[in-house]
Every structure is written in C-alpha cells, then in structure tokens.
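Residue numbers (the numbering used here), protein chains in the order written: chain R, 25 to 679; chain L, 829 to 969.
All C-beta atoms in this analysis are idealised placements derived from N, C-alpha and C, irrespective of residue type, glycine included.
Single-structure report; data block below.
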Amino acid sequence: MTQFSQMGRRMIVVAILLLGLFAYILWQLYTVQIKRHEELYKKARMKYTTVKTMNGKRGEIYDYSGNLLVGNIPCSDVCADPSIAGDADRCRVIARFLAEKLEISEESVFEKLMDKEIVTKNADGTKRVRQRKFVIIKGKVDYEIAERLKLETARLDYKCVFYRETTRRYYPKKQLLANVLGFTNLDRDQVVAVIGLEKFYDNKMRSVQGLERYERSRDGLPIAYGNSSMKEDKDGFNVYLTIQEPIQAILEEELDKFMERCNPSAAYAVMADPYTGDIIAVAQRPTFDPNDRKSMKPNAWRNRIAEDTFEPGSTIKPLVVAGALDRGIIAPDTRFDCEKGLWFYGGKRLKDSHPMGNLTVSEIIQHSSNIGTAKIALVMGEKTLDEVLRSFGLGARTGIPLKPETVGIFRPRKQWDTLSITRFPIGQGLAVSPLQLVRSYCILANGGHPVKLRLVDRIENPATGIEQKIPLEKPDSIFKNPSTHGKIVDMMKKVTGEGGTARQAAVRGYYVAGKTGTAQKFMNGAYSKSKYIANFVGFVPADNPRFVLLVTADEPKGGYYGGSVAGPTFRTIAERTLKYLNVKPDYDADARDQELKLAKKKKLEEMRRERELRKTRNGIVPAPVKRTERITRPASNRSNRNSGRKYRYITFSKR
Amino acid sequence: MTNVKTMRTREEIGRYSRTSSGKSWMVSLVVKLSFMFALIFLAVNARIIYNQKSEQINREIARTKSKIHQLNREIANLKVRREQLSSWPYISSRINQFKLGLRPADSKQIRKIVLVDPDGHPRAMHSAPALYRETRTAGTN
C-alpha cells in the first residue's frame with residue numbers, strides 16, 4: 025500500500041512538472057504566435073526579404089541620323105567589406121593588388137581595408153561600435169577593367185572585394201558639340217544636370233527609379249512562391265537633334281584651323297537650314313571635353329551662340345536694304361552719294377572704310393558703304409526701319425532649347441536718339457546673338473519666311489518607340505513683293521564676286537550670297553580702336569540655299585576685316601559641306617576659268633594691236649620694259665597723296 | 829441444438845460469424861487507410877518534385893536574367909566604344925598619327941561611272957560620259 029501511495033505521489037509530481045512544462049510551452053507558443061507575432065514576423069521578413077532598387081537609364085542624345093552624342097557607359101564601383109578582409113598582412117596583400125590594378129595609392133586602399141569599425145554615439149552619450157561592412161575603393165571604374173578585376177579577385181579568393189554595377193554619363197565624341205550638349209554632375213548618387221541640353225531636357229531625360237521586393241532563399245535567389253512586388257523602372261526619353269554629325273565634325277575641324285590662323289579670343293560658327301530652321305552644326309571655341317572635368321573652365325562652358333551678343337556691323341545692311349526694296353522705297357539701281365567716305369549727321373561724323381562717290385544700292389551692298397546704307401535708312405524713316413529690323417527677329421529670342429538665351433539689344437523706337445537711324449542700319453548701337461543673326465539670314469535666304477530655329481528634331485520614348493516630333497513652322501513671308509528676294513540675293517552675290525568685300529569667301533562652282541561684318545568692340549563706354557569682331561554670314565548656293573553659315577572671330581589677331589578673317593573659313597566649311605551634301609554646282613568652274621583665260625588673252629591681244637596701231641600712227645616706238653622692274657618715282661615728282669607708292673614707267677622715244 | 833451440416837452449436841456459429849466480419853472490417857479499414865496514405869504520399873511527393881522543378885527553373889531564370897543583364901551591359905559598352913571609334917575626331921587623329929595623307933575626294937578622280945548588276949555585269953547606260961576610257965567598274969582613280 026505504501027509503495028503504491030509513494031508511486032502515486034511521484035506520478036503526481038511528474039505529471040505536475042509535465043503539465044507545467046506543457047503550460048510553459050503553451051505560453052511561449054502563445055507569446056511567439058499571438059502576442060509577439062507582428063514583431064517577430066516583421067523581423068523574419070526582414071531577414072529573408074530583399075529590396076532591390078533599379079535605376080533606369082538616363083535618356084541619350086543622338087544626332088539627326090541616330091549617331092550617339094551622349095550615352096551611358098556601364099562601369100563598376102570597386103567596393104570592399106573590411107570586416108572580412110582579414111589581418112594587416114592580408115589587407116596589405118589585397119591593397120597592393122588593388123592599387124596596382126586600379127592605379128591608385130596602395131596606402132589609401134590599405135587604410136580603407138583596415139578601418140574595420142564604426143564608432144557612433146547613442147542618444148545617452150554612450151559609444152556604440154559596429155563593424156564596417158562597406159567601403160568604396162574606387163568609383164566608376166571602366167567596364168573592361170572591372171570585369172578583368174572581377175575574374176582575378178575570384179581566382180585569388182579575395183572575398184572581401186565586391187563590385188557594384190553602375191553607369192557613367194559618357195560623351196563619345198568628346199569636344200564635339202560640347203557646349204550645346206552640356207554635362208551632368210553627381211550629387212550623392214543623384215544625377216544633376218548643369219548646363220546645355222542636358223539641363224533643358226532634364227525632366228524628359230531623367231529616369232524613374234524602380235523597386236523590387238521579393239523573398240529570397242539562402243543563396244539570394246527569389247523564392248518561387250514567396251511574396252513579391254515590383255515597381256518597374258523607366259528609362260528616360262532619348263533626344264534626337266537636328267545636328268548632322270559629319271557636318272558638325274567639318275565645322276569643328278575648320279574652326280580649330282581658324283583659331284590657329286587668326287588666334288582670336290573666341291570664335292564660333294553656326295550652320296542652319298534656311299527652310300526648316302534646323303541647326304545643322306554649331307561650334308565654338310574655347311570649348312571643353314565633358315569627359316575630362318579638369319579641362320573645364322567657366323569661360324569655356326558658356327554657350328556663346330545663345331548667351332553672347334555683339335554688334336552685327338555691316339551684316340545687318342542686307343536686312344535694311346531688303347526692307348526698303350520690299351516697300352518700294354528704293355530700287356537696285358537707285359543712286360546715293362557716299363560723300364567720298366566722310367559724312368556728318370546729327371553733329372557726328374560717319375565714315376566709310378574706303379572713300380566712295382555716287383553708288384547704286386547694289387554697289388552700296390557690294391562695297392559695304394556705311395554712308396550709303398545710312399542714307400537709305402533716312403529715306404525709310406524710323407518707323408519703317410524699326411518694323412523691318414523687328415520683322416527679321418531682332419530683339420526677340422529664337423526660342424532654341426538652350427538657357428539662358430539673350431534677347432539681344434534693340435531699343436524700342438521711343439528710346440531712339442537722333443543718331444539711331446544712321447547707326448542701327450550699319451549695325452552699331454544694337455546687339456544680336458549669333459543665333460539671332462543666323463535666323464535673320466535664314467529669313468533672307470528662304471524668301472522671307474520667319475522660321476523658328478530648331479535644335480531638337482524629335483523625342484523618343486525608348487519603351488514604346490513612339491517619337492514626338494518637334495513641329496515645323498512655316499509662317500507667311502514678310503516680303504510683300506515677290507521680287508524682293510531675288511533682288512537682294514543678286515546684290516549679296518556681288519559681295520563675294522569681283523570687287524566685293526569678301527572675295528575670299530567665294531566657293532568655286534557656286535554662287536555665294538553673303539555679307540561681311542567688321543565691328544569695333546564697345547568697351548568701357550567707347551568703341552575700341554584695337555579690338556574687333558569680324559564675321560561673315562551667307563548662304564550657298566545663293567539661289568537655292570542648302571544652308572546659312574555664320575563664322576565669327578572675337579578679337580582676331582593680324583587682321584580684323586570680316587572678309588579676310590572669317591571669309592576663308594566660311595569658304596572651306598562651305599566647300600566641304602557642299603561636297604558632303606553632294607550639291608550640284610551652279611556653274612562649271614573649269615569652263616569659266618577657261619573662258620576668263622581666253623577673255624584675258626583676247627584683251628591682251630587687243631591691247632597689243634592697239635599699241636602697234638598707235639606706234640605706226642605716231643612713229644613712236646615704246647622702249648623695252650624690264651618685266652620685273654619697279655621704279656619708285658623720284659621724290660621731286662611725287663605728290664604727298666601718292667608718296668611711297670610704286671610705279672612702273674613706260675618711256676617712249678621717237679624712232 | 830446442433831447444426832447437422834457443420835456439427836456446431838448455434839452459439840459457436842454466432843461467435844464465428846462475428847469474428848470473421850470484424851476481421852474483414854479491419855482489413856478493409858487498413859486497406860482504405862493505406863490507400864489514403866498512399867494518395868497523400870503521392871500528392872506530397874508530386875508537390876515536392878514539382879516545387880523542386882519550379883525552383884530549378886526559377887534558378888535557371890535568375891541565371892539567364894543575370895546573363896542577359898551582363899550582355900546588355902557589354903552591348904552598351906560596345907555601342908559607346910563603336911561610336912567613339914567611328915567619330916571623325918578619332919579617325920582624323922589616326923590619319924594624322926599614321927601620316928596616311930588622305931584627302932577629300934575630287935570629282936575629277938572619277939573617269940567613269942558604271943551601274944553594276946547584282947551578278948557583277950555592267951548595265952547598259954543611257955548616256956555614256958565623254959571620257960569613256962576604261963571598262964573597269966566605278967570608283968577607279
């Protein structure tokens with residue numbers, strides 16, 4: 025009986041213990057499953073849930089034909105986990121290896137690998153030490169180098185080294201179109217557009233970040249039946265320009281030669297299609313290589329074609345004359361007295377570079393007479409002059425997608441003074457941007473249609489391939505008289521012809537309509553006597569132009585006339601571009617040369633015959649002349665006006 | 829009372845019939861349970877195999893995705909490199925470096941232009957140029 029009762033008690037104790045244990049387990053289960061469910065579930069999910077951010081691709085910039093101008097090049101950040109890098113010896117070996125491959129200082133890599141702890145302070149002031157698990161050894165390493173390094177670190181079993189994929193904005197054509205394209209910077213992994221088209225179209229080109237959340241297995245791969253959510257990343261829109269890369273390359277190359285030849289402080293060239301307003305090529309010097317941030321200087325950043333203004337000088341004369349012709353105020357053969365190069369108006373003198381007498385309107389343009397043009401403007405009157413110049417877009421922005429863009433300087437008519445009417449038509453007292461001048465010549469070239477300049481042709485959504493075309497506008501002509509265009513073009517052709525101011529701008533085989541401009545720089549309240557802006561602007565072929573081209577040099581050295589400074593560069597650019605565009609010549613240059621040679625020969629023959637005729641009539645025989653002999657006239661025979669000139673004397677003697 | 833055929837008493841017969849029907853009931857239960865367990869086993873196994881396969885495919889997808897990603901990066905890199913190499917500044921720098929002395933083409937270089945069929949035979953021209961000297965194909969200097 026005792027035995028049974030003892031057994032019973034033990035059983036009861038065991039049963040109670042088991043019951044207690046069971047109750048404890050139940051309590052724990054309750055705590056884990058119900059009471060702390062949310063907290064623990066969250067913790068567990070954090071352990072096995074991965075959140076991956078995906079940065080879409082920033083939009084790229086292409087030329088008209090789809091040649092890449094700005095792209096994204098893949099690269100990698102070489103990173104390390106110092107907590108598993110090992111002791112100092114091991115770190116030294118890894119540092120030496122990485123420093124050699126990445127061409128960086130071994131000491132800096134070693135220091136990064138040995139920096140194994142992060143010490144932070146808690147709110148109560150106590151220190152908290154954590155292991156450092158991430159350092160960047162070198163950011164934005166080239167794709168090929170990073171891939172090679174990946175293989176080598178895997179082979180050498182450097183587990184602490186890992187790679188973070190990223191992309192870098194890349195400009196494969198380097199300096200080509202650099203000022204227009206602009207560039208971006210990085211600010212805490214965020215792309216910040218700084219200038220140019222990158223900035224103007226930042227909203228369109230910026231990518232949208234995607235987010236993927238999934239439950240993963242031990243090896244990091246997503247579990248098939250796990251919870252997952254995904255917000256797709258979106259690539260930025262691609263921008264297609266109106267620029268044609270091969271022509272752009274010609275322009276840039278010739279501008280470099282121009283810089284070597286004339287050594288100006290700045291130079292720029294703009295080429296545009298006069299019918300569509302498309303900018304075909306545009307370049308400026310100084311410039312920069314957007315891939316090499318060291319070469320960037322603030323004065324090279326500036327977009328001179330949109331931001332800078334200059335006095336257009338004589339290049340504005342055809343606009344004034346076209347306006348006067350269109351309104352029937354003058355005709356090409358109307359004559360004006362050019363006052364032998366010096367004329368006083370409003371108490372101030374106005375000069376021509378060469379003294380000229382009575383000239384027709386055509387000759388005024390051909391010889392670029394300031395006095396003649398001022399007199400034409402006086403006949404027009406202030407109101408008409410103001411209307412004409414504004415109809416060519418002076419004082420209005422071109423609306424090109426570059427910011428900031430200057431409006432130029434062209435005062436409202438109410439603010440004009442007495443001299444304005446004689447100074448504005450010769451390009452003094454007002455200022456235009458290179459783009460404004462090109463636009464006004466586009467209007468002249470296309471028959472008077474005020475086109476809008478375009479730099480962007482279309483914007484493409486890379487996901488759908490849908491392209492949004494920037495619309496072309498063709499407003500009504502500003503010329504009311506249909507013959508105006510032909511008349512002004514004929515006058516402008518003479519500028520590059522025999523006796524014109526820009527014979528060096530003439531292109532063999534093509535008629536060039538253009539105008540030179542030589543403007544003194546307005547500095548510190550006065551016109552400089554040593555600093556000039558020389559430019560030439562024109563269109564080729566004159567009667568059916570394929571492009572309008574402006575070439576400008578700011579403070580050229582060794583000469584300052586637009587014809588001699590900018591003319592030759594205009595010619596070479598135009599020649600190469602016409603050849604590239606396969607434009608049919610206006611005339612056979614060889615045949616014309618032959619004709620000229622024949623005409624010259626014929627003239628010489630006529631002169632010889634005439635001389636012989638005179639000889640026989642008077643019985644005088646001309647003394648033989650040494651062909652290369654040049655005799656300076658004796659001082660006694662010289663007048664002051666001709667002093668220093670060299671003469672060739674033909675002496676006659678009786679037989 | 830004894831049954832003449834079996835020579836068993838009524839109690840014995842009743843006891844016997846009760847035992848045999850009980851056994852058959854148990855057998856059928858065991859059979860049914862085994863069948864059910866077999867079905868469950870099969871279903872679970874099928875599910876495991878299916879899961880395994882899907883995980884395998886999943887891994888394959890992940891591997892392929894990663895490969896595609898790598899290839900895309902390589903393509904992007906090559907695309908930029910191609911653009912760089914085909915740009916005029918690069919080509920002209922090479923021309924200068926190797927002193928190739930290339931110059932722009934002159935229209936006078938062309939003596940004759942001939943349209944050629946896909947099989948290489950020259951097509952008859954409607955108008956022949958005056959300087960029709962050679963019979964070789966176009967582009968000869």
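Member of the options whose CA lies at the smallest distance from the CA of residue i
i               : options                        : result
L418 of chain R : R:I424, R:P425, R:D410         : R:D410
L913 of chain L : R:L93, R:V117, R:A112, R:C115  : R:L93
S561 of chain R : R:S107, R:V37, R:A293, R:V215  : Sequence inspection shows Val at residue 561 of chain R; the Ser mentioned does not correspond to that position. Checked all of R:S107, R:V37, R:A293, R:V215; the closest Cα to V561 of chain R is R:A293.
E484 of chain R : R:R82, R:E429, R:Q57           : R:R82
G591 of chain R : R:T384, R:R285, R:R328, R:K555 : R:R285
E171 of chain R : R:L454, R:P98, R:A598          : R:P98
S338 of chain R : R:Y369, R:Q528, R:V456         : R:V456
N879 of chain L : R:F448, R:G250, R:Y167, R:K164 : R:G250
T542 of chain R : R:G489, R:Q452, R:R326         : R:Q452
P4 of chain R   : R:A346, R:L122, R:F121         : Summary: the structure shown does not reach residue 4 of chain R, with chain R confined to residues 25 through 679, and so no result is reported for it.
I169 of chain R : R:D113, R:R193, R:V102, R:I490 : R:V102
V475 of chain R : R:P298, R:Y264, R:R152, R:H391 : R:P298
A305 of chain R : R:L275, R:M320, R:I329, R:L602 : R:L275
V185 of chain R : R:A109, R:S552, R:V412, R:Y585 : R:A109
Beta-bridge pairing of residue i - partner residues as DSSP gives them
i               : result
F186 of chain R : R:C103
Q492 of chain R : R:I483
T576 of chain R : R:Y292, R:N559
R309 of chain R : R:A291
G234 of chain R : R:M78
Q544 of chain R : R:Y556
P98 of chain R  : R:T191
P246 of chain R : R:R240
F334 of chain R : R:V456
I303 of chain R : R:A296
Inter-residue CB distance, residue i and residue j (contact presumed, cutoff 8 Å)
i               : j               : result
L221 of chain R : V232 of chain R : So it is not a contact: roughly 20 Å between Cβ atoms.
V589 of chain R : A577 of chain R : 5 Å
Y556 of chain R : E579 of chain R : 7 Å
Start and end residues, alpha helix (DSSP H) containing residue i
i               : result
S921 of chain L : 916-925
K255 of chain R : K255 of chain R -> not in any alpha helix (DSSP H); beta strand (DSSP E) instead, spanning 252-255.
M516 of chain R : 508-517
N262 of chain R : Careful: N262 of chain R lies outside any alpha helix (DSSP H), inside the beta strand (DSSP E) at 262-265.
N323 of chain R : 322-325
F134 of chain R : 130-138
R439 of chain R : A small fix is needed here, since residue 439 of chain R is Gln in this sequence, not Arg. Counting along the chain, Q439 of chain R falls outside any alpha helix (DSSP H), and DSSP gives it neither H nor E.
I360 of chain R : Note that residue 360 of chain R is Phe in the sequence shown here, rather than Ile. Counting along the chain, F360 of chain R falls outside any alpha helix (DSSP H), though it belongs to the beta strand (DSSP E) covering 359-361.
Range covered by the beta strand (DSSP E) that runs through residue i
i               : result
F207 of chain R : 207-211
W367 of chain R : 366-369
N382 of chain R : 382-384
L374 of chain R : 372-375
A217 of chain R : 214-219
V165 of chain R : 159-166
K145 of chain R : 141-145
Rounded separation between residue i and residue j - CA only
i               : j               : result
D614 of chain R : A530 of chain R : 15 Å
H61 of chain R  : L45 of chain R  : 22 Å
E277 of chain R : A202 of chain R : 14 Å
I885 of chain L : D243 of chain R : 15 Å
F546 of chain R : L461 of chain R : 18 Å
G587 of chain R : A526 of chain R : 4 Å
L41 of chain R  : Q52 of chain R  : 16 Å
V239 of chain R : T488 of chain R : Note that residue 239 of chain R is Glu in the sequence shown here, rather than Val. So the alpha carbons of these two residues sit roughly 31 Å apart.
R34 of chain R  : L50 of chain R  : 24 Å
I128 of chain R : T190 of chain R : 20 Å
A119 of chain R : E888 of chain L : 36 Å
V133 of chain R : I161 of chain R : 6 Å
R657 of chain R : Q390 of chain R : The pLDDT assigned to R657 of chain R is 44, lower than 50, so where the model puts this residue is not dependable; a value taken from the coordinates is nonetheless given after this. So the alpha carbons of these two residues sit roughly 33 Å apart.
H949 of chain L : R326 of chain R : 57 Å
L137 of chain R : P106 of chain R : 5 Å
K375 of chain R : G405 of chain R : 21 Å
N262 of chain R : K223 of chain R : 14 Å
L857 of chain L : K76 of chain R  : 54 Å
I655 of chain R : K364 of chain R : Confidence at I655 of chain R is low in this model, with a pLDDT of 42, below 50, so its placement is unreliable and no value can be given for it.
R910 of chain L : E84 of chain R  : 15 Å
G524 of chain R : S393 of chain R : 11 Å
I400 of chain R : S386 of chain R : 12 Å
Proximity test, residue i beta-carbon vs the ligand ATP heavy atom, cut-off 7 Å
i               : result
F863 of chain L : Annotation note on the ligand ATP: not contained in the displayed structure, which lists no ligands.
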